[in-house]
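J.: Residue numbers (the numbering used here), protein chains in the order written: chain V, 53 to 168; chain R, 3 to 117.
Quick reminder that beta carbons are idealized off the backbone N, C-alpha and C, glycines included.
Just so it is clear, the structure is predicted and the values come from calculations on it, not from any experiment.
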Amino acid sequence: GAVVSQHPSRVICKSGTSVKIECRSLDFQATTMFWYRQFPKQSLMLMATSNEGSKATYEQGVEKDKFLINHASLTLSTLTVTSAHPEDSSFYICSAPAGVTNQPQHFGDGTRLSIL
Amino acid sequence: AQSVTQLDSQVPVFEEAPVELRCNYSSSVSVYLFWYVQYPNQGLQLLLKYLSGSTLVKGINGFEAEFNKSQTSFHLRKPSVHISDTAEYFCAVSAFGNTGNQFYFGTGTSLTVIP
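Spelled out as structure tokens, the structure:
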């Protein structure tokens with residue numbers, strides 16, 4: 053069964069709306085979670101590393117004020133796309149490490165965000 | 003830094019035929035290697051991984067991959083594909099000793115199995 057739950061799976065909203073995406077680790081604690089963005093027919097691009105109890109670490113070129121990340125607990129990280137615009141439309145995926153360095157990450161099922 | 007190159011963006015293959023999806027990596031340090039599969043509008047599912055030991059790694063759904071250090075490759079193979087194998091496949095690398103668990107993904111290979 054799924055070990056990382058991502059919600060919602062699909063969001064369609066108007067331009068200017070803020071959208072929150074949740075990523076939960078099931079049956080294990082995740083002090084670190086990762087947020088990826090995937091454009092159609094392209095690979096996953098790491099956006100940021102979410103750290104429980106401290107600020108997220110953003111990759112170069114990712115707007116911190118646009119993509120707000122909050123690691124509220126050891127099992128929950130949220131990504132909020134603020135004032136979303138059509139160019140923010142994409143597939144967003146979260147992941148959580150299994151707990152051991154360099155072990156495979158567990159991925160959520162992704163969120164398809166469509167901004168009209 | 004590490005990088006991953008998947009040489010084929012699209013691979014069509016007939017059902018029950020063998021397939022090989024190519025992956026090459028670049029790194030100045032030892033790495034761990036992974037293959038993931040992604041079905042439409044879904045997240046990634048781990049197929050197999052190489053961490054250490056035997057260079058021939060067997061994964062789920064009949065897939066296997068061989069780590070070749072001299073050629074810096076980690077090609078994915080399956081002797082006989084099924085329609086259900088149609089999906090996007092991603093090769094990924096993580097540096098040895100990387101406590102951040104940061105993965106670098108290839109651009110993906112779209113496998114289409116033709117009936």
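So V:F159 contacts chain R; which residues on that side make the cut at Cβ distance below 8 Å?
T.: Y38, G45, L46, Q47
J.: Is there contact here, the segment 3-15 of chain R with the segment 61-73 of chain R, by at least three beta-carbon pairs under 8 Å?
T.: With a cut-off of 8 Å, the segment 61-73 of chain R and the segment 3-15 of chain R do not count as touching, because too few Cβ pairs lie within range.
J.: 9 Å is my cut-off, CB to CB: does R:T57 come that close to chain V?
T.: no
J.: I'd like to know whether the C-beta of V:L98 is nearer than 9 Å to at least one C-beta of chain R.
T.: yes
J.: Can you tell me the Cα-Cα spacing of V:R125 and R:A97, whole angstroms?
T.: Per the sequence shown, the amino acid found at residue 125 of chain V is Ser instead of Arg. Cα to Cα, V:S125 sits roughly 27 Å from R:A97.
J.: Starting from the N-terminal side, write out each stretch of the beta strand (DSSP E) that is 3 residues or longer and does not extend beyond the segment 27-106 of chain R.
T.: 33-40, 46-52, 58-60, 66-70, 75-80, 89-97
J.: If you measure from the beta carbon of V:G113 to each beta carbon in chain R, is any gap under 9 Å?
T.: no
J.: Taking one C-beta from the segment 33-50 of chain R and one from the segment 117-133 of chain V each time, how about it: are there three or more such pairs within less than 8 Å?
T.: no
J.: Anything in chain V within Cβ reach of R:F92, meaning under 9 Å, just list it in chain order.
T.: S95, L96
J.: Can you tell me whether R:S86 is buried or exposed? The criterion is at least 16 other CB atoms within 10 Å of its CB, across all chains shown.
T.: exposed
J.: Taking C-beta pairs closer than 8 Å, name the residues in chain V that R:T109 reaches, listed in chain order.
T.: Q94, S95
J.: Let me confirm a value: V:P47 is counted as buried when at least 16 other C-beta atoms fall within 10 Å, else exposed. Which label applies?
T.: A query on residue 47 of chain V cannot be resolved here, the shown segment of chain V reaching from 53 to 168 and no further.
J.: Are the C-beta atoms of R:S118 and some chain V residue less than 9 Å apart?
T.: The structure shown does not extend to residue 118 of chain R, since chain R spans only 3 to 117, so no value can be given for it.
J.: Could you tell me which residues DSSP puts in a beta bridge with V:H158?
T.: V:A148
J.: Starting from the Cα of R:Q47, find the closest Cα among R:N63, R:S54, R:S56, R:P117 and give me that residue.
T.: R:N63
J.: Starting from the C-beta of R:T101, find all residues in its chain whose C-beta is less than 7 Å away, skip the five residues before and the five after it, and write them out in chain order.
T.: Confidence at R:T101 is low in this model, with a pLDDT of 49, below 50, so its placement is unreliable and the value that follows should be read with caution. Same-chain partners within the cutoff: there are none.
J.: Please report the Cβ distance between V:S112 and R:T109, rounded to the nearest whole angstrom; I am assuming they are in contact, meaning their Cβ atoms lie under 8 Å.
T.: Rather than Ser, the amino acid found at residue 112 of chain V in this sequence is Gln. That pair is no contact at about 19 Å.
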